[in-house]
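Peer 1:
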Amino acid sequence: CSPGVSTPAVTPRALAALYGLPPGRRVTNARTTQAVVEFEEQYYSPADLTQFLAGAGLPPPPPITLVGPNDPSHPGGEANLDIQLILAMAPAAQTTFWSIKANGTAAVDDIVSWAVAMQALETPPSVNSISYGMAAKNVDAYQGRGYLARSDVEFQKLALRGCTVVIATGDAGAGELGEPPQCEPSCAERFNPDWPATSPYVTSIGSTYITPNAEPVCYGARGVDCSAAPLGEVVVSIDSGMPWSSGSGFSDTGARPAYQDANVSAYLTASKALLPPASMFNASGRAYPDSMAVGHNLEVVISGVWQPVDGTSASAPIFAGVITLLNDHRANAGLPPLGFLNNWLYSLPPSAFTDVVTGNTRCGTYGWRPTCCAVGYEAAPGWDAASGLGSPRFEAMLRAALAA
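Here the sequence shown is numbered in our numbering, starting from 17 and rising by one per residue.
1) Mapping DSSP to helix, strand and coil, what is residue 35?
2) Within the same chain, show all residues whose beta-carbon is closer than 6 Å to that of residue 77, passing over the 5 residues directly before and after it, in chain order.
3) Please classify residue 342 as buried or exposed, where buried requires at least 16 neighbouring CB atoms within 10 angstroms.
4) Can you name the start and end residues of the beta strand (DSSP E) that residue 58 belongs to?
5) Suppose only complete runs of 3+ residues qualify. What are the beta strand (DSSP E) ranges in the stretch 124-205, listed by chain order?
6) Pull up the distance between the alpha-carbon of residue 85 and that of residue 113, whole angstroms please.
7) In this structure, what does DSSP give as the bridge partners for residue 9?
8) Determine contact between the stretch 269-281 and the stretch 211-218, defined as no fewer than three beta-carbon pairs at a distance below 8 Å.
9) Could you check which residue in 401, 338, 345 and 404 has the C-alpha nearest to that of residue 36?
10) In whole angstroms, what is the alpha-carbon distance linking residue 408 and residue 397?
11) Which word fits residue 89, buried or exposed, when buried means at least 16 other C-beta atoms lie within 10 angstroms of its C-beta?
12) Name the one or two DSSP bridge partners that residue 325 has.
13) Determine whether the beta carbon atoms of residue 347 and residue 41 lie at a separation below 8 Å.
14) Pick helix, strand or coil for residue 303, following the three-state DSSP scheme.
15) Run through the DSSP bridge pairs and tell me what residue 388 is partnered with.
16) With 16 other CB atoms within 10 Å as the buried threshold, where does residue 66 fall?
17) If contacts are defined as beta-carbon pairs under 8 Å, then residue 310 and residue 226 qualify, I think. What distance do you get, rounded to the angstrom?
18) Select from 351, 405, 315 and 131 the residue whose C-alpha is nearest the C-alpha of residue 101.
19) Measure the alpha-carbon distance for residue 388 versus residue 223 and round it to whole angstroms.
20) Would you list the residues sitting across from residue 50 in a DSSP beta bridge?
21) Do you know how far the Cα of residue 189 is from the Cα of residue 383?
22) Rounded C-beta distance between residue 99 and residue 52? I'm assuming under 8 Å.
23) Once you ignore the five residues that flank residue 146 on each side, which residues in its own chain have a CB closer than 6 Å to its CB?
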């Protein structure tokens, strides 16, 4: 059985303490740039951003660079949380709000159009956070034949240009369960991987929540009472009492890249008893997530009101902001941005991450009703298909970033 869920409100200061960010952090190099990318007519409110940063005790940013439409009188929760949380992690960074006009009535996001536009820039933003996606099996049906393959080509071009692209893994578990086209209604025969989290040329970020019940010993019929234990992180899962589950899994279209081969192979061997049936997933495919960040009960400002938000769509800009902060230290040391992250990320020592060992990605929702696969991916020591490498530990990452 699961213990009662205890999840505190999460502020920028709490995130900074959790991930070991330096006190008084502030981006100081003008060459350190970042962006949030929005679709579905999601707009942000400058007034809400000002209120958020002031309330969090953070400095105002330089003027936001706006690409595409924005209607601040109709702020969207997604756009607001994206720009607020990326600046919460990397205060005062040069930040772009990039808005792509909807190309239809369905919630289908033309990410390729953004990637192509990035190619035209002489100096595109170094770190880019995208909190959108859909079931990979639906991409070509809704976006056009060859769209998924084209997206990988464009992401690869951005990687070659030294751009970091951070993608949320979705909020529908391993089955990508939910309403089409963004999700699929069933996982009876096979899981449904998420796109573009499955691309080998992006860094895919899943979600945790903060709780004292962060170890396996806290669960089960004879579980220990962990209510007074130190706070830790658990994979967001309906099975743990959350209203949604973090996305994860293996690509059906792309092979496992060399940078993660050792980690994933070790997981498939060591956790064989915990794996779903082989028919449910492509064990030789690109595995995700790569890393994690908090995605539950995060306090942001929407239309002048502080309120909690959830989603891997919050975890992605948090992780992206951490990378921006690393890039700023590198810039001040005369080094280029980290660029495409994954080769570096998978080369880091275990001390660069907090290993998330509790939680699963078995369930999703359909019409806000919990809908579950018979099985899912379980968190385990080391890299696993529920929590990736774990959540960032800034000091160890910084040492590695300055040595790279």
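Every residue, glycine too, gets a C-beta built ideally from N, C-alpha and C.
Peer 2: Per the coordinate set shown:
1) Helix, per DSSP.
2) In the same chain as residue 77, and ignoring 5 residues on each side of it, the C-beta atoms closer than 6 Å to its own belong to 103, 108 and 111, in chain order.
3) Per the 10 Å Cβ criterion, buried.
4) It is not in any beta strand (DSSP E) - residue 58 carries neither H nor E in the DSSP assignment.
5) You should have 143-146 and 180-184.
6) Cα to Cα, the separation comes out at about 10 Å.
7) What the structure shows of the chain is the stretch from 17 to 420, and residue 9 is not part of that stretch, so it cannot be assessed.
8) Yes, the stretch 269-281 touches the stretch 211-218.
9) Closest by alpha carbon: 338.
10) Just so you know, the alpha carbons of residue 408 and residue 397 end up roughly 15 Å apart.
11) With fewer than 16 other Cβ atoms within 10 Å, it is exposed.
12) According to DSSP, which records beta bridges pairwise, residue 325 is partnered with 314.
13) Cβ distance not < 8 Å, so residue 347 and residue 41 don't count as in contact.
14) The answer is strand: DSSP assigns residue 303 an E or B state.
15) Under DSSP, residue 388 forms a beta bridge with 379.
16) Residue environment for residue 66: exposed (fewer than 16 other C-beta atoms within 10 angstroms of its C-beta).
17) About 6 Å; that satisfies the 8 Å criterion.
18) Of 351, 405, 315 and 131, the smallest CA-CA separation from residue 101 is found for 315.
19) Approximately 18 Å, taken between the alpha carbons.
20) DSSP lists 111 and 143 as partners of residue 50.
21) Taking the straight line from one Cα to the other gives about 15 Å.
22) Contact holds; Cβ gap of about 5 Å.
23) Around residue 146, the same chain offers 53 and 183 as residues with beta carbons nearer than 6 Å, after the five sequence neighbours per side are excluded.
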